[in-house]
Ligand code: KG4
Ligand code: ZN
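Numbering (this note's numbering), first residue to last: 3 to 350.
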């Protein structure tokens, strides 16, 4: 089954053609970075305008690179949640319209579940496992029992992991987008240059939660307090010290989840899953089976949408034409609840 996947939840316009949820024939990602760079962050109105300009050429290019005409597409999938409303509307409306006009089945998919699916595009992974979803808007540690059956164990109580990277990079004027630049700078810095504190979250229901606002404040407003003056205050050292703690925050909670659940397979997804320190530190845990998507599938891309779209469409699960966008996924805020039970009828 050949699926066209469309992704437009944030600042990447992307379309891909994927066969049977695993074979990527094309994956076109048009990044809007140059248009948001001068603002050091994504400007929602600019993002949705660019999506409207680019969606048609990007889809055409994806079909062209796959050497595939529309009549060979068996189904269409598009992201409808979570993300920026205006941006989501462009991809979702385009996908629904194209499917309706060509009489093809359509499914709207959850962007975060698609991030988790990204690793499945390349490797066979057996459920259940622990999922580590780390992006610009979400930080989720979850038990994953199926492609749309996840139980959130922990999440962030304030900023997302990627957001912390972006805010620190913005404050120090390191460049945009922040996560990639901090990762690059950190390679030439010393993580011991500052000893930032770890968050202190305890109590029922918070065992696997993380927090980034304390680290952000420490790295931005209280850096004198935590800096080791034997080190020079260079961008490289700031980046390395920040990244060291940012990754440690994730790993302490993730490893606790490993202990408590007994699950030893970990699958990461989302933009921050590209972080080299996170990847290296997890690779050191040879007792665990840590699976990362390749770098080009960590950030937003249409292939993960087509991949998870196949999982629904091949089971005959489609969305109604009335399916709408949603900026947030309400369930991500709840603990210990099964958020996505295997879907038996239409998803919305
Ligand atoms: O998944 P993604 O592309 O978009 C969202 O769904 O949010 O994630 C974007 C986030 C941004 O915060 C970006 O700074 C971060 O992923 N990011 C990284 C790296 N590459 C991207 N953070 C740390 N290290 C990286 N190498
Ligand atoms: Zn994303």
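In this text, a Cβ means the ideal position worked out from N, Cα and C, and glycines have one as well.
Alpha carbon to alpha carbon, how far is residue i from residue j?
i	j	result
residue 28	residue 86	25 Å
residue 96	residue 262	44 Å
residue 302	residue 318	26 Å
residue 163	residue 221	14 Å
residue 62	residue 300	23 Å
residue 118	residue 157	15 Å
residue 219	residue 207	25 Å
residue 129	residue 91	32 Å
residue 341	residue 155	Low confidence applies here, because residue 341 scores a pLDDT of 47, under 50, leaving its location unreliable; read the following figure in that light. Their Cα atoms are separated by approximately 11 Å.
residue 199	residue 216	8 Å
residue 64	residue 226	50 Å
Rounded C-beta distance between residue i and residue j? I'm assuming under 8 Å.
i	j	result
residue 246	residue 193	4 Å
Buried or exposed: where does residue i fall if 16 or more other Cβ atoms within 10 Å of its Cβ makes it buried?
i	result
residue 78	buried
residue 74	exposed
residue 168	buried
residue 58	exposed
residue 234	exposed
residue 9	buried
residue 56	buried
residue 190	exposed
residue 6	buried
residue 115	buried
residue 122	buried
residue 297	exposed
Comparing alpha-carbon positions, which option in the options lies nearest residue i?
i	options	result
residue 1	244, 259, 104 and 183	This structure cannot settle anything about residue 1, because the visible part of the chain is limited to 3 through 350.
residue 209	259, 179, 80 and 131	259
residue 289	8, 264, 144 and 93	264
residue 52	40, 67 and 35	35
residue 171	197, 241 and 99	241
residue 32	14, 257 and 322	14
residue 280	214, 249 and 254	249
residue 22	70, 204, 3 and 30	3
From the DSSP output, read off the bridge partner residues of residue i.
i	result
residue 151	148
residue 314	BP columns for residue 314 are empty, so no partner.
residue 6	19 and 78
residue 108	78
residue 131	146
residue 141	136
residue 30	17
residue 292	268
Indicate, with yes or no, if the ligand ATP has a heavy atom lying under 7 Å from the CB of residue i.
i	result
residue 296	With respect to small molecules bound, the structure shown includes the ligand KG4 and the ligand ZN and not the ligand ATP.
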